[in-house]
Amino acid sequence: MSPSAPQKAFGHSLRKDFFLESKYVPVNHGSYGTYPRSVRAVMRDYQDKGEEQPDRWFRLEFAAVVKQNLERIASLLHCDSNDIVYVQNASTAASTVLRSLPFEKGDKILCYSTAYNAIDRANEYVKDSRDAKLIKITLNYPMSDEEIIQLTRETIEKEQAKGDGRFRICVMDALISIPGVLFPYKDVTKLVKSYNMLAMVDGAHAIGQIPLDLTALDADFFFTNGHKWMFMPRGCAVLYVAKRNQGHVHPLSINAKYMHHKDAQDNSSFQNEFGGLSTTIDCANYLCANAALDYRQSLGGEDAIMKYCNDLAVKGGALVAKILGTEVMENKAKTLTVAMVNVRVPVGKTTKSDAELTAYFINELVYKHNTMISVFKHNGLWWARFCAQVYVELEDFEKAAKALLEVCKTIA
Numbered sequence: 019m020s021p022s023a024p025q026k027a028f029g030h031s032l033r034k035d036f037f038l039e040s041k042y043v044p045v046n047h048g049s050y051g052t053y054p055r056s057v058r059a060v061m062r063d064y065q066d067k068g069e070e071q072p073d074r075w076f077r078l079e080f081a082a083v084v085k086q087n088l089e090r091i092a093s094l095l096h097c098d099s100n101d102i103v104y105v106q107n108a109s110t111a112a113s114t115v116l117r118s119l120p121f122e123k124g125d126k127i128l129c130y131s132t133a134y135n136a137i138d139r140a141n142e143y144v145k146d147s148r149d150a151k152l153i154k155i156t157l158n159y160p161m162s163d164e165e166i167i168q169l170t171r172e173t174i175e176k177e178q179a180k181g182d183g184r185f186r187i188c189v190m191d192a193l194i195s196i197p198g199v200l201f202p203y204k205d206v207t208k209l210v211k212s213y214n215m216l217a218m219v220d221g222a223h224a225i226g227q228i229p230l231d232l233t234a235l236d237a238d239f240f241f242t243n244g245h246k247w248m249f250m251p252r253g254c255a256v257l258y259v260a261k262r263n264q265g266h267v268h269p270l271s272i273n274a275k276y277m278h279h280k281d282a283q284d285n286s287s288f289q290n291e292f293g294g295l296s297t298t299i300d301c302a303n304y305l306c307a308n309a310a311l312d313y314r315q316s317l318g319g320e321d322a323i324m325k326y327c328n329d330l331a332v333k334g335g336a337l338v339a340k341i342l343g344t345e346v347m348e349n350k351a352k353t354l355t356v357a358m359v360n361v362r363v364p365v366g367k368t369t370k371s372d373a374e375l376t377a378y379f380i381n382e383l384v385y386k387h388n389t390m391i392s393v394f395k396h397n398g399l400w401w402a403r404f405c406a407q408v409y410v411e412l413e414d415f416e417k418a419a420k421a422l423l424e425v426c427k428t429i430a
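Residue numbering for the sequence shown follows the numbering used here, beginning at 19 and increasing consecutively.
Printed below as a string of structure tokens:
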């Protein structure tokens, strides 16, 4: 942003920059994300380039633009741009890593009950196809970071004492999707690495919501969606692989650049294999990182955006809890809430199954109240996840909470 450019104000005045319906109450940004009009204009321009002169664009120019955008993202992740590649989404990234790694019979995967469902199923796939073992830690929020770290340490010690297989990898979140809380991924990464385990961090909700420093974190694998909180078009994610592991990681769809490496540290083909993006699939969304970050800079940059969204989530959560007559999911140290906040939902007796009730909430909120809130059951109670965003104000939390309360009154 140039020194003379005025900084835009947060809140409803920014709605015009996006494609949101005028009467839609958008408090569920975490599910699909969205992006501003200025980003779509850039994406359309790149799509046009691919049609105007496809040979020039795809053979000679496309790769350089991909590299420029990855370099911009790397500056935000504080990592070497040669260590990150584009993939479709976080689920693709997890499967890419887990299906690439060499597992031996009896290897153990440490994971958590709060894993995103697609990541959880990827863990199950490794268990079934490689004869590995899943060691799953149950998390019942609200919990303190210290409780989670201690529970993780105790589980590792207990399993290692059995002497029936090594821990190969720990799969964890940076921010859990459901419930939408910050996980102590930095401390857990450090912990599991001290036991010679690989650390894989699902940061699907991370970039654009929390500050990141992948060099300092030094996880073996980290991935994050650009389309959720960073304002890139969906689906678009970045997969980070530490240099020490790049020789073993290959794209899900093997392409002409594939090379086999016995040595995990042989990274000679890593960028080439993932850089060979299919030119028969529209990848213009991958070329929009610069535009997305330029827009975010026009709002004051990452710190300003994160502060606004966190402050709004905290205030909004308190207001929703007051309207519903319940409480916010938070621990004593208040480390759980970032831009997503969870509030207990007053669900009484019902004849509906959990799946039926979840579907009922979705349909009622979307079609009768023109909003959406992720309502879910955790630790025996029903909760709602509300998301703050730059175009959201406290009024939106209030409207959505009142809509949710009305739906609760109709549950039979």
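We treat Cβ as the ideally placed atom computed from N, Cα and C, and that holds for glycine. For clarity, every value in this text was computed on a predicted model and none was experimentally measured.
Can you tell me where the beta strand (DSSP E) with residue i in it begins and where it stops?
i, result
"Ser-392", "392-396"
"Ala-105", "One detail in the question is off: residue 105 reads as Val in this sequence, not Ala. That run of the beta strand (DSSP E) goes 102-105."
Going straight from the alpha carbon of residue i to that of residue j, what length do you get?
i, j, result
"Ser-212", "Thr-170", "12 Å"
"Met-19", "Val-57", "The pLDDT assigned to Met-19 is 44, lower than 50, so where the model puts this residue is not dependable, and the model offers no usable value."
"Ala-418", "Asp-98", "42 Å"
"Gly-29", "Val-84", "32 Å"
"Gly-442", "Ala-59", "Nothing about residue 442 can be reported from this structure: the residues present for the chain run from 19 to 430 only."
"Asp-236", "Ala-373", "39 Å"
"Gln-227", "Glu-320", "8 Å"
"Leu-78", "Gln-71", "11 Å"
"Gly-318", "Leu-32", "13 Å"
"Thr-114", "Gln-106", "11 Å"
"Leu-49", "Val-393", "A small correction: the amino acid at residue 49 is Ser; Leu does not occupy that position in the sequence shown. Going from the Cα of Ser-49 to the Cα of Val-393 covers about 12 Å."
"Pro-21", "Ala-307", "With a pLDDT of only 49 at Pro-21, under the threshold of 50, the placement of this residue in the model should not be trusted; the figure read from the coordinates follows. If I take the Cα positions, the gap works out to 22 Å."
"Leu-232", "Cys-254", "19 Å"
"Asn-263", "Ala-224", "22 Å"
"Leu-412", "Asn-285", "48 Å"
"His-96", "Ile-429", "48 Å"
"Gln-289", "Val-365", "50 Å"
"His-387", "Ser-287", "51 Å"
"Ala-331", "Met-324", "10 Å"
"Ala-336", "Thr-355", "12 Å"
"Pro-229", "Lys-176", "34 Å"
"Asp-66", "Asp-138", "38 Å"
"His-268", "Leu-342", "48 Å"
Taking the alpha carbon of residue i as the reference point, which residue from the options has its own alpha carbon closest?
i, options, result
"Val-219", "Gly-198, Gln-227, Ile-194", "Ile-194"
"Ser-109", "Arg-77, Gly-124, Tyr-143, Cys-97", "Tyr-143"
"Asn-328", "Asp-312, Lys-352, Thr-369", "Lys-352"
"Asn-303", "His-266, Gly-343, Val-256, Asn-263", "Val-256"
"Ala-334", "Ala-406, His-223, Val-259, Ile-391", "Here residue 334 turns out to be Gly, not Ala, going by the sequence shown. Considering only alpha carbons, the answer is Ala-406."
"Phe-415", "His-279, Glu-320, Arg-403", "Arg-403"
"Asn-397", "Asp-182, Leu-128, Arg-362, Gln-106", "Arg-362"
"Tyr-64", "Trp-75, Pro-54, Lys-275", "Trp-75"
"Arg-2", "Ala-260, Pro-54, Thr-389", "An answer regarding residue 2 cannot be provided, because it is not within the stretch 19 to 430 covered by the chain."
"Phe-379", "Ala-339, Lys-350, Met-161, Leu-423", "Leu-423"
"Gln-25", "Ala-150, Asp-312, Ile-167", "Asp-312"
"Tyr-159", "Asn-87, Trp-401, Ala-377, Ala-224", "Trp-401"
"Val-359", "Lys-180, Val-199, Asn-100, Tyr-276", "Val-199"
"Cys-301", "Ala-92, Val-103, Asp-35", "Val-103"
"Leu-305", "Glu-69, Arg-90, Lys-34", "Arg-90"
Suppose the cutoff is 8 Å on Cβ atoms and the five residues either side in sequence are ignored; what does the same chain contact list for residue i look like?
i, result
"Leu-38", "Pro-44, Thr-52, Tyr-409"
"Lys-370", "Tyr-378, Ile-429, Ala-430"
"His-278", "none"
Which residues does DSSP pair with residue i in a beta bridge?
i, result
"Met-358", "Cys-405"
"Thr-242", "Val-256"
"Ile-187", "Ile-127, Leu-216"
"Ile-153", "Leu-128"
"Leu-399", "His-396"
"Thr-432", "This structure leaves residue 432 out entirely; the chain is present only between 19 and 430."
"Val-346", "Val-361"
"Leu-193", "Leu-200"
Could you pull out every residue in the same chain whose Cβ sits closer than 7 Å to the Cβ of residue i, ignoring the five residues on either side in sequence?
i, result
"Ala-222", "Ala-108, Tyr-134, Ser-195, Thr-242, Asn-243, Lys-246"
"Val-338", "Val-361, Phe-404, Phe-415, Ala-419"
"Asn-46", "Met-390, Ile-391, Ser-392, Cys-405"
"Gly-265", "His-279, Asp-281, Ala-282, Gln-283, Asp-284, Asn-285"
"Glu-348", "Pro-160, Leu-354, Thr-355"
Give every residue of the same chain whose Cβ lies closer than 6 Å to the Cβ of residue i, excluding the five residues on either side of it in the sequence, and list them in chain order.
i, result
"Val-210", "Cys-188, Ala-217"
"Leu-116", "Ala-140, Val-144"
"Ala-310", "Val-57, Met-248, Phe-249, Met-250"
"Glu-382", "Val-425"
"Tyr-130", "Ile-155, Leu-157"
So, is the C-beta of residue i closer than 7 Å to a C-beta in chain B?
i, result
"Asp-163", "You won't find chain B in this structure, because it holds only one protein chain."
What residue range does the alpha helix (DSSP H) around residue i cover?
i, result
"Met-161", "Segment: none, Met-161 is in no alpha helix (DSSP H) and carries neither H nor E."
"Thr-298", "Segment: none, Thr-298 is in no alpha helix (DSSP H) and carries neither H nor E."
"Gln-315", "307-316"
"Phe-80", "80-95"
"Glu-411", "Glu-411 -> no alpha helix (DSSP H), and no H or E assigned at all."
"Glu-142", "135-148"
"Ser-118", "108-118"
"Gly-10", "For residue 10 there is no data in the structure shown, the boundaries of the chain being 19 and 430."
"Leu-232", "232-235"
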